[in-house]
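Sequential numbering of the sequence shown, starting at 1, is according to full-length UniProt numbering.
The C-beta atom is built at its ideal place from N, Cα and C for all residues, glycine as well.
Below is one structure, written out as structure tokens; comments come after it.
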Amino acid sequence: MTEGLGNGALAGIGVVVIGDEILSGRRQDRHLAAVTERLAARGLVVDWAQFLPDREVTIVDLLRRSRADGATVLCFGGIGATPDDLTRGCAANAFGRPLVRHPEAAALIESQFGQAAYPKRILMADLPEGAELVPNPVNRVPGFALERHFFLPGFPEMAHAMLDHILAGPLADLADAGYVEHSLWLVDTPESELVDLMEAFCAAHPALRLFSLPVLSTERRLLELGFKGERREVDRAMTALGAALHERAITVHAQRPE
């Protein structure tokens, strides 16, 4: 993996998952699916996602770029107190702020762990100056936020409860954007026979994104064909697509055939 991540735009809503254990396969990511599911309920979609190693230069590079682009970022992992937890320091570096002891975070950690908060657990209260806390209902050790960047722990049981708080509070302005994905299912119809039809529909509905997803099976060939984008335009395109397939004597199914 290269040190940098290129110069592509990182605006919109992004998900960042940090940890060598994800990239090595020791742990399976559960955060992207959790965010996607919650955004879909609002007609929203994740615009980009990055899975990063525990490498300071890589994390700082991405956070600097997403901050410069004005992105909304949900970042998971690396905010603990062990040597491989780099996210707090990387966020301070990327946002040009010193890492300082947050008094409210320190009080929460002390109330949770007592004297066992010292000497190491208390390090989780060292946050970029001016950071706002994200409450953790599981063990009270908070996450933090900077300029629509939200930093949460890697443990899904904690992070997803904190994610719900963020979406109901600081990101409540992410209103329903009307984004949907609708599709039809075809049986034993090769994609190659529909390329011309797909091209015509892409030209007729340039604001939408077409998807064609074959499913390989030993028994029969399935194809999921549809559009994603603004709700009303998707509805119009899907109605026209159904009619066009009917004209070709192709049977369509609203749900995946059993």
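The beta carbon of R231 sits closer than 6 angstroms to the beta carbons of G178, V180 from its chain, once the five residues preceding and following it are set aside; these are given in chain order. Within the same chain, and ignoring the five residues on either side of L86 in sequence, the residues whose Cβ sits closer than 7 angstroms to its Cβ are D54, E56, I59, G78. Judged by DSSP in its simplified three-state form, L44 adopts coil rather than helix or strand. Taking the C-beta atoms as reference points, L99 is found nearer than 9 angstroms to P128. Measuring C-alpha to C-alpha distances from R121 to each of G70, P83, D61, F95 identifies P83 as the nearest. Beta-bridge annotation (DSSP): C202 is not paired with any residue.
For a cut-off of 8 angstroms, the C-beta gap from H102 to W185 is around 52 angstroms, too long to register as a contact. Its Cα nearest to that of L133, the residue I166 stands out among F155, I13, F113, I166.
When the alpha-carbon of H31 is set against those of D20, V16, L174, A41, the nearest one is in V16. Here the alpha carbon of C202 sits roughly 7 angstroms from the alpha carbon of L208.
Sequence-distant Cβ neighbours of A237 in its own chain, meaning closer than 7 angstroms and more than five residues away, are F201, H205, L208, F227. Within its own chain, the residues whose Cβ lies closer than 6 angstroms to the Cβ of G43, once the five positions on either side in sequence are excluded, are D176, A177, G178, Y179, listed in chain order. Non-local C-beta neighbours of R64 in its own chain, meaning closer than 6 angstroms and more than five positions away in sequence, comprise A94, ordered along the chain. Exclusion of the five residues before and after H149 leaves V73 as the residues of its chain whose Cβ lies within less than 6 angstroms of its Cβ. Taking C-beta separations shorter than 6 angstroms and ignoring five residues to either side along the sequence, the partners of S212 in its chain run E191, L225, following chain order. Pairing A106 with M124, the inter-Cα distance amounts to about 8 angstroms. Note: C90 is not bridge-paired with any residue in the DSSP secondary-structure output. Residue environment for T189: buried (at least 16 other C-beta atoms within 10 angstroms of its C-beta). Residue burial annotation: L216 is exposed, with fewer than 16 other C-beta atoms found within 10 angstroms of its C-beta.
Looking at the DSSP output, S212 sits in a beta bridge with L225.
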